[in-house]
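For reference, the structure is listed below as structure tokens.
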Amino acid sequence: MSRSKPLSRLKQLQNQIIKMGGDELTPRFETLQLHAGAEPDSATKSRATPIYATTSYVFDDSAHGARLFGLKEFGNIYSRIMNPTVDVFEKRIAALEGGVAALAAASGQSAQFMAVAALCHAGDNIVSTSNLYGGTYNQFKVFMPRLGVTTKFVSGDSAEDFKKAIDEKTKAVYVETIGNPRYNVPDFEAICKVAHEAGVPVMVDNTFGAGGYFCRPIDHGADIVVHSATKWIGGHGTTIGGVVVDAGKFDWGTPDARKRFPQMTEPSDGYHGLKFWDTFGAITFIIRLRVEILRDLGAALNPFAAQQLLLGVETLSLRCERHAENAMKLAQWLEKNENVAWVSYPGLKSHKSHELAKKYLPRGFGGVLSFGVKGGHNAGSQVVDNFKLISNLANVGDSKTLAIHPWSTTHEQLSDEEKASSGVTDDLIRISVGTEHIDDIIADFEQSFKVAATKPQQDGAPEHSEAGKDSKAPADIAGAT
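Residue numbers (the working numbering): 922 to 1402.
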């Protein structure tokens, strides 16, 4: 297969032109979230994307099957690798993020792991910020070293610190769009500059960027974007899924890249000596991710989940507008509340990442904030316990407002020192702000503060388990969302 055929096909899919009254226009985000990747079903003329509940697909003849298996022709073979319903979801997210192609996965964790696995072999490393979601930290710190891949953690988001940490074995630089739990926003352009100067691709977890609505890291130099589609992309707390987006901009063919990433340019043992870069060009990464990594690990998104996620994507911009609007109003209200010691939200001028947030989050500052309750651990847990509208659970990105008190839940097993080093204090409450009317959200806070104030305060926090006392890193145990 020549490089021109797959590239031209994907270019058409990515840069879809919508005809309106004889004129043509390049669709905007709000239009792409409804139309990208989808056409009326050729067999039934169904306008909605059908759920293709099938494991495998009929070949025209033996020669057709051979061409598909040999990567000489695009097409469906087995739903672990490709499925028409999943394909629409992948094309839609690629379009929203500004990438050339995407690959869906069973979860955000599997998407992230497969993306790293496509770049790294035993003995390699990645350089990552330490401001990470607990599950990611656990995967990088505990699980991947068992496979021979280590992570160099950089404290914070300084581009210069990333530069110092990169060595000849570094295969990726990793950051989050909005770091969890501090909500720091990295300087993408500065970090991408030092990474690219060293010949290393940049991978961004854009989960809090909401499918490209709040932030499109590819526009600022990122090479690979990963998501937990479970969160804002799905948007309703119903479906687990993940997705990887390929920017198509990293040059795997330079002399340095050929040395650092031989798997992209050297003959593939599994495909009779096929060379991915020579054959697929700009879509090399995502093709190899699909036909080698996903094929072998099997963490595929099922078509029923893909259909649920597609329904969520159709309202993504509408929900995100309300998420951001409500989060800002709630953050401002909390800043003025006498029961609150502090508030962390990048939309506030008081937040250390506010200027970078204005640059990289032009449509809003996200839908999650944290705040501290005066009175510490017991006051914080009582506020969460007394919410009536707001749900106490370990998730973010739902249309419903969610709260959690990490000190007594996700990080309960850790010592006080370990909690503090992970950014979790005993007064911290995390809020994933939903799309309810803001007055109703605030009313629930008011009644909860009032009830909590009337309850007697107990001295001290609950005793820690032995596991918490012996743990070595805050996120090693606490891997919940």
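Even for Gly, the Cβ is constructed at its ideal location relative to N, Cα and C.
8 Å contact criterion, which residue i and residue j should meet: CB distance rounded
i: LEU1290; j: VAL1106; result: The Cβ separation is near 14 Å, so there is no contact.
i: GLY958; j: LYS1012; result: 3 Å
i: GLY1163; j: GLY1029; result: 4 Å
i: ALA1227; j: THR1006; result: 5 Å
i: ALA1168; j: ILE1154; result: Rounded, the Cβ-Cβ distance is 18 Å, inconsistent with contact.
i: SER1353; j: VAL1294; result: Wrong, their Cβ atoms sit about 17 Å apart, outside the cutoff.
i: ALA1026; j: VAL1165; result: 7 Å
i: THR970; j: LEU1231; result: 6 Å
i: GLN954; j: LEU1017; result: 6 Å
i: HIS1141; j: GLU1110; result: 5 Å
i: TYR1281; j: CYS1136; result: 5 Å
i: ARG1240; j: GLY1156; result: 5 Å
Pairwise C-alpha distance: residue j and residue i
i: VAL1121; j: PHE1129; result: 24 Å
i: ALA1036; j: GLY1296; result: 43 Å
i: GLN1253; j: LEU1269; result: 8 Å
i: HIS1358; j: ILE1350; result: 20 Å
i: TYR1054; j: PHE980; result: 43 Å
i: SER1189; j: PRO1183; result: 10 Å
i: ASN1313; j: VAL1305; result: 7 Å
i: SER1238; j: ILE1362; result: 21 Å
i: VAL1345; j: PRO1327; result: 7 Å
i: PHE1034; j: PRO1224; result: 21 Å
i: SER1271; j: ARG1103; result: 13 Å
i: ILE938; j: GLY1133; result: Its pLDDT being 49, under 50, ILE938 is placed unreliably in this model, and the value from its coordinates should be taken loosely. So the two alpha carbons sit approximately 19 Å from each other.
i: LEU1195; j: PHE995; result: 15 Å
i: LEU1024; j: LEU1310; result: 36 Å
i: GLU1384; j: SER1329; result: Legend: pLDDT at GLU1384 = 41, less than 50; position of this residue unreliable, no value from coordinates given.
i: PHE1201; j: VAL1261; result: 55 Å
i: ASP1217; j: ASP1347; result: 43 Å
i: GLY1044; j: GLU1081; result: 24 Å
i: ASN1059; j: GLY1077; result: 17 Å
i: LYS993; j: SER1320; result: 43 Å
i: GLU960; j: LYS966; result: 9 Å
i: TYR978; j: ILE998; result: 6 Å
i: MET1003; j: THR976; result: 10 Å
i: GLU1246; j: THR952; result: 21 Å
i: ASP1177; j: ALA1203; result: 17 Å
i: GLU1367; j: ARG1179; result: 59 Å
i: ARG968; j: ASP962; result: 7 Å
i: PHE990; j: HIS956; result: 30 Å
i: LYS1279; j: GLY1285; result: 8 Å
i: PHE950; j: SER1149; result: 19 Å
i: TRP1263; j: ASP1199; result: 54 Å
Per DSSP, cross-strand counterpart(s) of residue i
i: ILE1350; result: PHE1292
i: GLU1187; result: Note: GLU1187 sits in no beta bridge, so no partner.
i: ALA1025; result: VAL1164
i: THR1331; result: Answer is none; THR1331 lacks a bridge partner.
i: THR1306; result: Per the sequence shown, the amino acid found at residue 1306 is Asp instead of Thr. In DSSP, ASP1306 forms no bridge with anything.
i: MET1124; result: TYR1095, ILE1145
i: LEU1323; result: SER1312, SER1353
i: ALA1195; result: As written in the sequence, residue 1195 is Leu, which differs from the Ala given in the question. Bridge partners of LEU1195: SER1189.
Contact check, residue i vs residue j, beta carbons under 7 Å
i: ILE1325; j: ALA1341; result: no
i: VAL1439; j: ALA1086; result: Nothing in the structure corresponds to residue 1439, since the chain is present only between 922 and 1402.
i: PHE1355; j: THR1322; result: According to the sequence shown, residue 1355 is Gly rather than Phe. Against a cut-off of 7 Å, the Cβ pair of THR1322 and GLY1355 comes out as a contact.
i: GLN1229; j: THR1159; result: yes
i: GLY1191; j: ARG1001; result: no
i: THR1091; j: VAL1048; result: yes
i: ILE1214; j: GLY1020; result: no
i: SER1274; j: PRO1267; result: yes
i: GLY1288; j: HIS1244; result: yes
i: ASN1052; j: GLY1100; result: yes
i: VAL1403; j: ALA1143; result: Not covered by the structure: residue 1403. The range shown for the chain is 922 to 1402.
i: PHE1308; j: SER1369; result: yes
i: ALA1032; j: VAL1147; result: yes
i: VAL1094; j: VAL1123; result: yes
i: THR1072; j: PHE1083; result: no
i: ALA1364; j: GLN1303; result: no
i: MET1185; j: PHE1171; result: no
i: ILE1161; j: ALA1022; result: no
Residue i Cβ short of 6 Å to the ligand ZN heavy atom set
i: ASP1217; result: Ligands are entirely absent from the displayed structure, and the ligand ZN is therefore not among its contents.
Check your understanding: Counting only runs that start and end within the segment 944 to 999, where is the beta strand (DSSP E) found for 3 or more residues in a row?
Key -> For the segment 944 to 999, whole beta strand (DSSP E) runs of length 3 or above, ordered along the chain, are 944 to 946.
Practice item. Let me know the alpha helix (DSSP H) ranges lying completely inside the segment 1032 to 1112, each 4 residues or longer, listed in chain order. Key: 1055 to 1059, 1080 to 1086
Exercise for review: Counting only runs of 4+ residues fully inside the segment 1222 to 1272, write out the alpha helix (DSSP H) ranges in chain order.
Suggested key: Entirely contained in the segment 1222 to 1272, the alpha helix (DSSP H) runs reaching 4 residues are, in chain order, 1224 to 1234, 1237 to 1256.
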